[in-house]
Amino acid sequence: MCGRYAASKDMAELVEVLEVDEDRTAEPVRTIAALERGQGGGPAADYNVAPTKAAPVVLTRRPKGEPEQQPSRQLRLLTWGLVPSWAKDLKVGTRMINARAETLLDKPAYARAAAARRCLVPADGYYEWQRSPSLMDGRGKPSKQPFYIHRADGEPLVMAGLYEFWRDRSLPDDHPDAWLATYCVITTHADPDLATIHDRQPLILEPEHWAGWLDPDATSPEHVQPYLDLSLPGRFDAYAVSTAVNSTRNNGPRLLDPAPADQLAGVVDPGTGEVL
Numbered sequence: 060m061c062g063r064y065a066a067s068k069d070m071a072e073l074v075e076v077l078e079v080d081e082d083r084t085a086e087p088v089r090t091i092a093a094l095e096r097g098q099g100g101g102p103a104a105d106y107n108v109a110p111t112k113a114a115p116v117v118l119t120r121r122p123k124g125e126p127e128q129q130p131s132r133q134l135r136l137l138t139w140g141l142v143p144s145w146a147k148d149l150k151v152g153t154r155m156i157n158a159r160a161e162t163l164l165d166k167p168a169y170a171r172a173a174a175a176r177r178c179l180v181p182a183d184g185y186y187e188w189q190r191s192p193s194l195m196d197g198r199g200k201p202s203k204q205p206f207y208i209h210r211a212d213g214e215p216l217v218m219a220g221l222y223e224f225w226r227d228r229s230l231p232d233d234h235p236d237a238w239l240a241t242y243c244v245i246t247t248h249a250d251p252d253l254a255t256i257h258d259r260q261p262l263i264l265e266p267e268h269w270a271g272w273l274d275p276d277a278t279s280p281e282h283v284q285p286y287l288d289l290s291l292p293g294r295f296d297a298y299a300v301s302t303a304v305n306s307t308r309n310n311g312p313r314l315l316d317p318a319p320a321d322q323l324a325g326v327v328d329p330g331t332g333e334v335l
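At position 159 of the sequence shown (counting the first as 1) the number is 218 in the working numbering, and the numbers step up by one without a gap.
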């Protein structure tokens with residue numbers, strides 16, 4: 060799964076790299092966690108993005124009520140944790156942070172969004188926790204070591220996602236909190252060189268895939284399936300980092316510092332398969 064990632068790029072850089080038409084990240088947004096609106100003004104760098112937080116997401120939409128207009132590629136702040144339009148309880152979003160590529164088109168919770176509400180989730184890299192085959196924690200369970208996984212070429216890591224809009228029926232139509240926009244990250248089988256860390260990874264799209272994935276008019280399963288089947292191994296580097304990332308209260312670039320070698324007992328080296 061993917062439950063944490065780093066997103067430190069400023070919005071101007073994301074607009075350029077992702078060829079965005081409209082930057083709407085300065086608009087205040089409602090979040091799941093606080094059930095209140097953010098302050099707006101654009102997001103700060105976040106090295107520990109976690110579910111229920113708002114983060115930059117790219118989507119392509121037409122202006123509301125203008126179906127004849129050309130769609131525009133937009134950069135928005137959405138809340139991580141998908142809340143479908145039919146959901147009665149916002150807490151469902153805390154459970155729907157990932158969607159499996161293998162079953163995406165068959166699951167009612169995701170199929171409608173997969174057809175028409177696909178998005179890109181830009182990141183610097185993501186965190187994944189490796190279970191030690193030899194070292195136990197204080198509860199007698201396998202010790203977990205966080206790894207930071209990023210593109211070897213230094214380019215942004217662009218994850219495939221889905222988004223939804225949820226209407227709060229307790230509020231009037233013109234209330235600024237009447238709508239909650241949420242997203243989830245699609246996962247797939249891990250590349251062979253990452254499998255010693257975890258058996259799942261985010262579905263990562265290349266620049267040539269972005270326009271087709273975002274196209275709101277391409278709604279058939281036949282259009283979506285090839286993206287879900289993508290397998291392009293060899294794009295990533297990974298290294299162990301401090302367990303400070305375990306707590307969502309911790310943030311900052313120091314979370315990306317490599318963990319000291321003397322703290323890696325029982326860790327499996329992703330490159331060699333050797334237990335340290």
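Just so you know, even glycine gets a beta-carbon here, dropped at the ideal spot from N, CA and C.
Checklist line | Cβ-based burial, H209 [other Cβ within 10 Å; buried from 16] | finding: buried
Checklist line | Distance between Y286 and H268 (C-alpha atoms, nearest Å) | finding: 8 Å
Margin query: I'd like the span of the alpha helix (DSSP H) that includes E187, first residue to last.
Written below: First-last for E187: 184 to 195, but that is the beta strand (DSSP E), not the alpha helix (DSSP H).
Next item on the list: Inspect the CB distances between the stretch 294 to 308 and the stretch 166 to 183 and report whether three or more fall short of 8 Å.
Entry: no
Next item on the list: Output yes or no for whether 8 Å exceeds the beta carbon distance between L164 and P280.
Entry: yes
Check: Which residues in the same chain as Q204 place their Cβ atom closer than 6 Å to its Cβ, once the five residues preceding and following it in sequence are excluded?
Finding: Q189, A299, V326
Notebook entry, point to check: Could you give the distance in angstroms between the alpha-carbon of R135 and the alpha-carbon of E333?
Noted result: 42 Å
Check: Excluding sequence positions up to five away, which residues of its chain have a Cβ less than 7 Å from the Cβ of Y106?
Finding: Within the same chain, Cβ atoms closer than 7 Å to the Cβ of Y106 are found at A65, S67, N310, G311, P312, L314, L315, the five residues on either side in sequence being excluded.
Checklist line | Simplified DSSP assignment, three categories, for M218 | finding: strand
Check: Around the C-beta of T90, are 16 or more other C-beta atoms found within 10 angstroms, so that it is buried, or is it exposed?
Finding: buried
Check: How about Y222 and R176: do their beta carbons lie closer than 8 Å?
Finding: yes
Next item on the list: Measure the Cβ-Cβ separation of A114 and R63 and say whether it is below 8 Å.
Entry: Not a contact, by the Cβ cut-off of 8 Å.
Margin query: In the DSSP assignment, the beta strand (DSSP E) including A240 goes from what residue to what residue?
Written below: Run containing A240: 238 to 248, per the beta strand (DSSP E) assignment.
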